[in-house]
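Numbered as in this note's numbering, the sequence shown ends at 229 without a single skipped number.
Cβ atoms here follow ideal geometry from the backbone N, Cα and C, with glycine treated the same way.
A quick write-up on the structure given underneath.
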Amino acid sequence: MQHMRTSGPGDEVVALDVRAVSHSYGQKRALNDVSFSIAPATFTVLLGLNGAGKTTLFSLISHLYDTRHGSIRIFSHDIRRASGEALRRVGIVFQARTLDLDLSVYQNLSYHASLHGIGGREARQRIAALLETVDMQGRQHDKARSLSGGQMRRIEIARALLHRPSLLLLDEATVGLDIESRASILATIRKLVQAEGIGVLWATHLIDEVEDADHVVILRRGDLVASG
């Protein structure tokens with residue numbers, strides 16, 4: 002495992018800096034004073050059982066929930082004070098499937114590109130390149146509902162990369178997939194870290210998805226129990 006990177010005066014910018022973050026649902030504490038940071042071009046595993054707080058943390062990082070206790074910075078941009086600047090650097094793959102099943106692969110990607118102001122030739126080129134990256138070339142005209150779970154996940158990864166983010170968040174991206182699909186998707190993401198210098202936060206409850214070189218953050222019932 003790699004040693005934990007922290008930010009401070011004079012330090013290099015980190016991809017994600019989570020500081021003293023807590024969150025509750027009513028009287029139930031979901032996160033308790035969680036702090037860690039990850040460097041650019043690093044594969045970081047957020048490891049924990051269901052209910053550990055992983056999805057809550059993702060919701061805070063993606064600004065679906067407001068960060069009321071603590072701070073979250075993405076490439077130095079505070080998620081509360083400058084959410085637009087922060088989130089422009091982020092691609093997100095949520096645990097729940099989010100493709101429009103009645104649209105084709107290309108239509109799903111093209112629509113998402115337009116939301117980021119990417120259109121015309123540029124959109125077509127990016128879509129073609131990303132379909133090749135996720136090994137889904139030739140499937141652009143298929144309806145999303147015709148795809149397997151692993152294929153849908155690949156398209157969601159391509160979609161998250163359309164605007165060329167510097168930080169990619171994936172919440173239980175391999176849940177429900179067979180062993181071969183899990184391994185293939187993991188390999189694709191690890192290649193992106195090496196080839197594109199993308200920082201990755203990969204949330205999982207599966208310890209066999211961790212490799213020795215990974216930076217690992219472990220949550221248990223909302224508490225940070227290890228980071229390194």
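Task: Span of the alpha helix (DSSP H), counted from its first residue to its last, around GLY151 - done: Note, GLY151: alpha helix (DSSP H), 150-162.
Open item on the list: Quick check on the DSSP output: the beta strand (DSSP E) that includes HIS206 runs from which residue to which?
Closed with: Unbroken run through HIS206: none, as it is neither H nor E.
Open item on the list: Report the CB separation of ALA129 from GLY120 in whole angstroms; it is logged as a contact under 8 Å.
Closed with: Not a contact, Cβ separation roughly 14 Å.
Open item on the list: Am I right that VAL14 and ILE73 are in contact with their C-beta atoms under 8 Å? What's the rounded C-beta distance?
Closed with: Their Cβ separation, rounded to whole angstroms, is 14 Å, which puts VAL14 and ILE73 out of contact at 8 Å.
Open item on the list: With DSSP as the reference, identify every bridge partner of LYS144, one or two as the case may be.
Closed with: Paired residues: SER105.
- [ ] Could you tell me which of ALA227, THR43, ILE93 sits nearest to ALA196, measuring between CA atoms?
- [x] The option with the nearest alpha carbon to ALA196 is THR43.
TODO: Taking all protein chains shown into account, decide if ALA214 is buried (16 or more other Cβ within 10 angstroms of its Cβ) or exposed.
DONE: Residue environment for ALA214: exposed (fewer than 16 other C-beta atoms within 10 angstroms of its C-beta).
Task: SER25 - DSSP class collapsed to helix/strand/coil - done: Strand, per DSSP.
TODO: Could you say which of LEU132, TRP203, THR175 lies nearest to VAL217 if we only look at CA atoms?
DONE: Just measuring C-alpha positions, the residue of LEU132, TRP203, THR175 sitting nearest VAL217 is TRP203.
- [ ] Please classify ILE62: is it buried, with 16 or more other beta-carbons within 10 angstroms of its beta-carbon, or exposed?
- [x] Flag for ILE62 reads buried.
- [ ] Could you have a look at LEU225 and say whether DSSP puts it in helix, strand or coil?
- [x] LEU225: strand per DSSP, three-state reduction.
- [ ] Output yes or no for whether 8 Å exceeds the beta carbon distance between ALA145 and ASP172.
- [x] Cβ atoms of ALA145 and ASP172: not closer than 8 Å.
Task: Rounded straight-line distance, which links the Cα of GLU210 to that of GLY255 - done: The structure shown does not extend to residue 255, since the chain is modelled only from 2 to 229, so the question has no answer here.
Task: Boundaries (first-last residue) of the alpha helix (DSSP H) holding LEU58 - done: Note, LEU58: alpha helix (DSSP H), 55-62.
- [ ] Report the residue from VAL94, GLY27, GLU133, THR68 whose alpha carbon sits nearest the alpha carbon of SER84.
- [x] Of the listed residues, the one whose Cα sits closest to SER84 is THR68.
- [ ] Tell me whether ARG81 sits in a helix, a strand or coil according to DSSP, three-state version.
- [x] Here ARG81 sits in coil by DSSP.
Task: Proximity of TYR112 and HIS142 at Cβ, strictly below 8 Å - done: The criterion of a C-beta distance shorter than 8 Å is not satisfied by TYR112 and HIS142.
Task: Opposing strand residues paired with ARG165 [DSSP bridges] - done: Checking the DSSP bridge columns, you'll see ARG165 has no partner listed.
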